[in-house]
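In full-length UniProt numbering, the protein residues as written are 1 to 178. We put the CB at the ideal spot given by N, CA and C, even for glycine.
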């Protein structure tokens with residue numbers, strides 16, 4: 001079963017590479033635009049960064065292989081992805097993610113990034129929830145407040161918390177104060 005899946009994905013990757021060769025100019029422009037709009041990963045923007053980076057990796061045709069425990073990346077893919085991942089991290093995040101055990105593997109770096117920011121960890125859940133609870137409202141910055149609320153809600157949804165119904169209205173109305 002795993003061999004059949006690996007062959008199917010390898011065939012799809014070869015087809016994607018063939019398509020990329022045919023549309024090289026367009027793909028290069030798309031890759032450049034994606035690279036330019038993907039921010040550096042910081043302690044505060046993982047959700048946004050992950051969405052952008054996933055799209056970039058899918059466009060490059062390597063996301064499935066990067067996520068799959070049974071598929072290997074080619075040596076060139078691994079080298080390119082290591083450079084990409086490291087170049088899209090700020091120094092603090094890089095120091096917290098890259099270590100002697102994972103520095104030679106794009107897959108291990110990707111796994112380490114996901115583990116570092118996993119919302120399944122209670123400390124990360126608490127940080128996301130506290131960020132939401134302590135949003136500051138300023139009358140002269142309503143638009144930025146609305147954006148901050150949306151980003152916080154997206155982070156909570158990504159961790160499995162659905163602030164809807166009475167709970168969501170209570171949190172929004174009171175800022176979480178009892």
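Beta-bridge annotation (DSSP): residue 41 is paired with 89. Only exposed fits residue 147, as fewer than 16 other CB atoms lie within 10 angstroms of its CB. Annotated as proximal: residue 41 and residue 88, with beta-carbon spacing under 7 Å. By the Cβ rule, the region 62-74 does not count as touching the region 135-154, because fewer than three pairs are nearer than 8 Å.
In this structure, the beta-carbon distance from residue 112 to residue 124 does not fall below 7 Å. By the 16-neighbour rule on beta-carbons within 10 angstroms, residue 54 is exposed. Annotated three-state conformation of residue 112 is helix, per DSSP. Distance from the CA of residue 39 to the CA of residue 27, rounded to the nearest whole angstrom, comes to 20 Å. Residue 135 has its alpha-carbon roughly 20 Å from the corresponding atom of residue 122. Under the three-state reduction of DSSP, residue 64 is assigned to helix. Taking 8 Å as the upper bound for CB-CB distance, residue 46 and residue 117 are in contact here, some 4 Å apart.
Spatial neighbours of residue 115 in its own chain (CB-CB distance under 6 Å, excluding positions within 5 residues in sequence) are not present. When secondary structure is reduced to three states using DSSP, residue 138 falls in the coil class, being assigned neither helix nor strand.
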